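*Asks:* I have a structure here, written as structure tokens, and I will follow up with some questions on it.
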Amino acid sequence: MNVNEVPQDPKDFREGDKIKKVVYAVDKEGHYTNVTSAGWEAENFATKQAWDAIDEEMAETIERVRKGEVSPILYFMQKSLMDISILAKYAGKWQWQVKRHMKPAVFKKLSPAMLQTYARIFNITVDELTGFGK
Amino acid sequence: MSSAQFLHCQHAHCESGVTSNLLQHEGIHISEPMAFGIGAGIFFAHLPFVKVSGTPGTTFRTWPGAIFKRVTQRLHIDIHTERFRTPEKAMHALDNVLAAGKPVGMLSSVYYLPYLPEAFRFHFNAHNIVAYGKEGNEYLISDPVMEDVTRIAPEDLAKARFAKGTPEPRGFMYYIKSVPQTVNFERAIQAGIKQTCFFMLSPPLPWFGNKAIFLLAKKIKQYPHKLPPRKAALYLGNIIRMQEEIGTGGGGFRFLYAAFLQEAGEMMKRDDLLEYSKELTTIGDAWRNFAYHAARLMKDRKSDLVNFDELSELLHKCGEMEKDLFTRMSKIKW
Chain B
48 MNVNEVPQDP KDFREGDKIK KVVYAVDKEG HYTNVTSAGW EAENFATKQA
98 WDAIDEEMAE TIERVRKGEV SPILYFMQKS LMDISILAKY AGKWQWQVKR
148 HMKPAVFKKL SPAMLQTYAR IFNITVDELT GFGK
Chain D
2 MSSAQFLHCQ HAHCESGVTS NLLQHEGIHI SEPMAFGIGA GIFFAHLPFV
52 KVSGTPGTTF RTWPGAIFKR VTQRLHIDIH TERFRTPEKA MHALDNVLAA
102 GKPVGMLSSV YYLPYLPEAF RFHFNAHNIV AYGKEGNEYL ISDPVMEDVT
152 RIAPEDLAKA RFAKGTPEPR GFMYYIKSVP QTVNFERAIQ AGIKQTCFFM
202 LSPPLPWFGN KAIFLLAKKI KQYPHKLPPR KAALYLGNII RMQEEIGTGG
252 GGFRFLYAAF LQEAGEMMKR DDLLEYSKEL TTIGDAWRNF AYHAARLMKD
302 RKSDLVNFDE LSELLHKCGE MEKDLFTRMS KIKW
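For the protein sequence lines, the chains are B and D, in the order given. FYI, the numbering for the first sequence is 48 to 181, going by this note's numbering. FYI, the numbering for the second sequence is 2 to 335, going by this note's numbering.
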């Protein structure tokens, strides 16, 4: 890549334009030098798509929580960009236990301490957790 | 402690950047490409069975912590590294070292670093940063991917250092204890290049090194047959992001490594290294071309199957060019 080919396509979503990153490129004399780049169309698109996928998933989950199919834990897990294995590690539980907590019937019976643990992981209050989707 | 001085330089990649910045602080002038090359940072692996947020794991670099360790070993620099059981112990140890006036490198999770833009904050647990002082409660942070130094609250730093997932930093921290009077770069460069060639060419398993590029090419060919379009697009997107976005300096670290070969060639007055550098630049461009077309393919999910075959072919070519290059480099007579 030559210095004049370094793309400057702004990452205009989720504060992505706050950072200009360094890339390495070759100048006219054939010397490597570092140049700052606002971003590149290809990578911007890939990142945006990953975020969009999460948004779509969350929108689906909100509906399912409202219908009483799943507990709010699934929603906040997605919102925190986690999957079950990561969430289980933070909660100090097995994955099957976390999956169980995603059933509304089980969620209703969770102890205050367990709810507190989840609320802390998701960085919200217990009320926000239990009241979600009502 | 508020008068802590640290010369912060922005770099492409976090670990080679931290290594360069920490060594500069001790008076050893080493550029980021040099640190990356001596630390044998370039690599490739594709692990279809390890799912990272639902997509198969792909990496263009060696495992976290390796670059700093190898560079300091090869330059005979005395370092200290430590992991911890609890955040309290980890933060206490950090405070002690900072009080002694030493900047400290740490592994952290990008997700818990509030100063980074949201767009980058996924659960990526192998981000390297330097703490170089404390002012009041806040830590002064030099994050090599940022243009300038920043600050972080102790609670956030503790969270970032004790993130869960794969890998787990467990409060990992490292700092330089002492440096020798003189360092021999030439021997270190040789060792770095030898190790890079070894890791690229020798793993007998299909998931690591050069072989993994062909594996990924084969997998991409199968995407349209095996995956729903949305998933195929996400998988491709993940490869692009690993290659271009996560602080690689462009082309999946290939340009960074080419910059190293050039610097090494000039330092040791070896034309062959300069020639290899040029070749690797061409290969890096081929990787960029692959990413460009992958993104085009993602945009139009209904593309016909031919396109995935062509994309696989582009990647296959990158793999072949690299195989050829590293094979010749492994035979360099020093």
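All residues carry an ideal CB built from backbone N, CA and C; glycine is no exception. This structure is a prediction, so every number in the text was calculated from the model and none was measured.
(1) From this set, E62(B), R111(B), K136(B) and G115(B), which residue's C-alpha is nearest K95(B)'s C-alpha?
(2) My understanding is that G115(B) touches P151(B), with C-beta atoms under 8 Å, so please give their C-beta distance in whole angstroms.
(3) Apply the 10 Å Cβ neighbour rule to F169(B) and answer buried if 16 or more other Cβ atoms are within range, or exposed otherwise.
(4) Would S17(D) and G42(D) qualify as a contact pair, given that the criterion is a beta-carbon distance under 8 Å?
(5) Could you compute how far the alpha carbon of K160(D) sits from the alpha carbon of K332(D)?
(6) Can you tell me the Cα-Cα spacing of V150(D) and L8(D), whole angstroms?
(7) Can you tell me whether R62(D) is helix, strand or coil according to DSSP?
(8) Please name the residues in the stretch 51-68 of chain B whose beta-carbon is closer than 7 Å to at least one beta-carbon of chain D, in chain order.
(9) What do you reckon, are the CB atoms on A292(D) and A89(B) nearer than 8 Å?
(10) If contact is defined by three or more beta carbon pairs under 8 Å, each pair taking one atom from either stretch, is the stretch 136-155 of chain D in contact with the stretch 107-125 of chain D?
(11) Mind checking the stretch 82-100 of chain B against chain D and listing, in chain order, the residues whose C-beta falls within less than 9 Å of any C-beta there?
(12) In the structure shown, what three-state DSSP assignment does T108(B) receive?
(13) Please list, in chain order, the chain D residues whose beta carbon lies closer than 8 Å to that of M124(B).
(14) So, at 8 Å on beta carbons, what are the nonlocal neighbours of V53(B) in its own chain, with the 5 sequence-adjacent residues on each side left out?
(15) P57(D) bridges to which residues according to DSSP?
(16) Tell me whether E83(D) sits in a helix, a strand or coil according to DSSP, three-state version.
(17) Using the C-alpha atoms, what's the distance from T164(B) back to A158(B)?
(18) Under the three-state reduction of DSSP, which class applies to F209(D): helix, strand or coil?
(19) Taking CB distances under 8 Å as the criterion, tell me whether D102(B) reaches chain D.
(20) What do you get for M92(D), buried or exposed, if any count of 16 or more other CB atoms within 10 angstroms of its CB means buried?
(21) Going along chain D in order, which residues have a C-beta closer than 9 Å to the C-beta of M149(B)?
(22) Can you tell me whether N185(D) is buried or exposed, with buried defined as 16 or more other CB within 10 angstroms of its CB?
(23) What does DSSP give as the partner residue(s) for Q55(B) in the beta ladder?
(24) Below 8 Å on the Cβ atoms is my guess for I375(D) versus Y140(D); work out the distance and round it to an integer in Å.
(25) Using 7 Å as the cut-off, classify the Cβ of G252(D) as near or not near the heavy atoms of the ligand SAM, replying yes or no.
(26) With a CB to CB cut of under 6 Å and the five nearest residues on each side skipped, what residues in its chain are close to P65(D)?
(27) Within 8 Å, do at least three Cβ pairs link the stretch 319-331 of chain D to the stretch 192-210 of chain D?
(28) Taking any Cβ of chain B, which residues in the stretch 142-153 of chain D have a Cβ under 9 Å from it, in chain order?
(29) Could you pull out every residue in the same chain whose Cβ sits closer than 6 Å to the Cβ of M2(D), ignoring the five residues on either side in sequence?
(30) How many angstroms separate the CA atom of A100(B) from the CA atom of Y236(D)?
*Replies:* This is what the structure holds:
(1) For this step, residue 95(B) is matched to residue 48 along the first sequence. It is E62(B).
(2) As a working mapping, residue 115(B) is identified with position 68 in the first sequence. As a working mapping, residue 151(B) is identified with position 104 in the first sequence. About 5 Å separates the two Cβ atoms, so the contact holds.
(3) Counting from one through the first sequence, the residue named residue 169(B) turns up at place 122. Label assigned to F169(B): buried.
(4) On the second sequence, position 16 is the one that residue 17(D) refers to. On the second sequence, position 41 is the one that residue 42(D) refers to. In this structure, G42(D) lies closer than 8 Å to S17(D) by Cβ.
(5) For the purposes of this step, residue 160(D) is identified with residue 159 of the second sequence, where counting begins at 1. For the purposes of this step, residue 332(D) is identified with residue 331 of the second sequence, where counting begins at 1. C-alpha separation (whole angstroms): 46 Å.
(6) Start at 1 with the first residue of the second sequence, and residue 150(D) comes out as number 149. Start at 1 with the first residue of the second sequence, and residue 8(D) comes out as number 7. For V150(D) and L8(D), the distance between alpha carbons rounds to 9 Å.
(7) By one-based count along the second sequence, residue 62(D) stands at place 61. Reduced to three states, the DSSP call for R62(D) is strand.
(8) K58, F60, R61, E62, G63, K65, I66, K67 and K68
(9) As a working note, residue 292(D) is residue 291 in the second sequence. As a working note, residue 89(B) is residue 42 in the first sequence. Cβ atoms of A292(D) and A89(B): closer than 8 Å.
(10) yes
(11) T83, S84, G86, W87, E88, A89, E90, N91, F92, A93, T94, K95, Q96, A97, W98 and A100
(12) For the purposes of this step, residue 108(B) is taken as residue 61 along the first sequence, with counting starting at 1. Reduced to three states, the DSSP call for T108(B) is helix.
(13) In the first sequence, residue 124(B) corresponds to position 77, counting from 1. Correct list: empty, because the minimum Cβ distance to chain D is about 11 Å.
(14) Taking the first sequence and counting its residues from 1, one reaches residue 53(B) at position 6. The answer, listed in chain order, is V70, A72, V82 and S84.
(15) Position 56 of the second sequence holds residue 57(D). Answer is K52(D), bridged to P57(D).
(16) What you label residue 83(D) is simply residue 82 of the second sequence in a count that begins at 1. Correct three-state label for E83(D): strand.
(17) By one-based count along the first sequence, residue 158(B) stands at place 111. By one-based count along the first sequence, residue 164(B) stands at place 117. The amino acid occupying residue 158(B) in the given sequence is Ser; Ala does not appear at that position. Answer to the nearest angstrom: the Cα atoms are 10 Å apart.
(18) The sequence position of residue 209(D) within the second sequence is 208, counting from 1. Three-state result, F209(D): strand.
(19) Residue 102(B) sits at position 55 when you count from the first residue of the first sequence. Using a Cβ-Cβ cut-off of 8 Å, D102(B) does not count as an interface residue toward chain D, since no Cβ of chain D sits closer than that to its own.
(20) Counted from its first residue, the second sequence places residue 92(D) at position 91. So M92(D) counts as buried.
(21) Here the question's residue 149(B) lines up with position 102 in the first sequence. The contacting residues do not exist; M149(B) stays about 17 Å from chain D at best.
(22) Here residue 185(D) refers to the residue found at position 184 when the second sequence is read from its first residue. The residue in question, N185(D), is exposed, as its Cβ has fewer than 16 Cβ neighbours within 10 Å.
(23) Start at 1 with the first residue of the first sequence, and residue 55(B) comes out as number 8. BP columns for Q55(B) point to G86(B).
(24) This structure gives no information on residue 375(D), because the portion of chain D shown stretches from 2 to 335.
(25) Ligands in the displayed structure: none, and consequently the ligand SAM is not present.
(26) Taking the second sequence and counting its residues from 1, one reaches residue 65(D) at position 64. So the qualifying residues of the chain are A127.
(27) The answer is yes - the stretch 319-331 of chain D touches the stretch 192-210 of chain D, with three or more Cβ pairs under 8 Å.
(28) P145, V146, M147 and E148
(29) Counting from 1 along the second sequence, the entry for residue 2(D) is found at position 1. Summary for M2(D): the model assigns pLDDT 44, below 50, so the residue's position carries little reliability, and this model does not support an answer.
(30) Walking along the first sequence from the start, residue 100(B) turns up at place 53. Walking along the second sequence from the start, residue 236(D) turns up at place 235. CA-to-CA, the gap between A100(B) and Y236(D) works out to about 12 Å.
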